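**Student:** Residue numbers (my numbering): 19 to 205.
Backbone N, C-alpha and C fix where the C-beta goes; we use that ideal spot for every residue, glycine too.
Given the structure is predicted, the values throughout are model-derived calculations rather than measurements.
1) Would you kindly work out how many angstroms separate the C-alpha atoms of residue 53 and residue 60, rounded to a whole number?
2) Hey, out of 102, 202, 125 and 175, whose CA is closest to residue 144's CA?
3) Using 10 angstroms around the beta-carbon of residue 181, count the other beta-carbons present and answer buried if the total reaches 16, otherwise exposed.
4) Decide if the stretch 162-173 is in contact with the stretch 129-146; the criterion is three or more beta carbon pairs, one per stretch, under 8 Å apart.
5) Is the stretch 154-164 close to the stretch 117-124, with three or more CB pairs under 8 Å?
6) Any C-beta of chain B sitting closer than 8 Å to the C-beta of residue 90?
7) Rounded to whole angstroms, what's the CA-CA distance from residue 97 to residue 114? Just pull it up for me.
8) In terms of residues, what are the limits of the beta strand (DSSP E) holding residue 72?
And the structure:
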């Protein structure tokens, strides 16, 4: 139940209602310091009158070996956050994120073992939906709930079908004074 930002698209989409003005973030790097595990992300959020706050995000994670891409996961997310109630004493917001997930696989190892004569493994797609609620009272007490993949989105078909993880996060935050925050989060 921390303060919202444009990164709330990934954690609790109701938090994007707390974004003031246009915010854009771009990041990337090598996970765990490995060159063969590059990751990139981009987020953009902006409040739009009468519609609420809109957010767009893109994430990409690759696994590379000897200059060949073995696996590439990409997610395009579209989010909307709505203030249901906002005054000087309290705030209640809801939000949702629609995630379009694509997983591309490179070639199999093949007979030679280096992928030069391997089979194209193709790609799979899924759509997941996240939902969040964020409430605050007198800017001292905050409560948030986030539901990930509420539609049970899955990659693949038949016996290769893999349901993507579903998750519920609940958090409570107490802010007795500026600069001091106490939070409890459960997943």
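**Tutor:** Reading it off the structure:
1) Each residue's Cα considered, the two are about 20 Å apart.
2) That would be 175, whose Cα lies nearest to the Cα of residue 144.
3) Classification for residue 181: exposed.
4) Look at the beta carbons and you see the stretch 162-173 touching the stretch 129-146: at least three pairs across the two are nearer than 8 Å.
5) The stretch 154-164 makes no contact with the stretch 117-124; the number of CB pairs closer than 8 Å stays below 3.
6) Checking the listed chains, one finds no chain B in this structure; it contains a single protein chain.
7) Their Cα atoms are separated by approximately 6 Å.
8) Secondary structure note for residue 72: its beta strand (DSSP E) is the uninterrupted segment 70-83.
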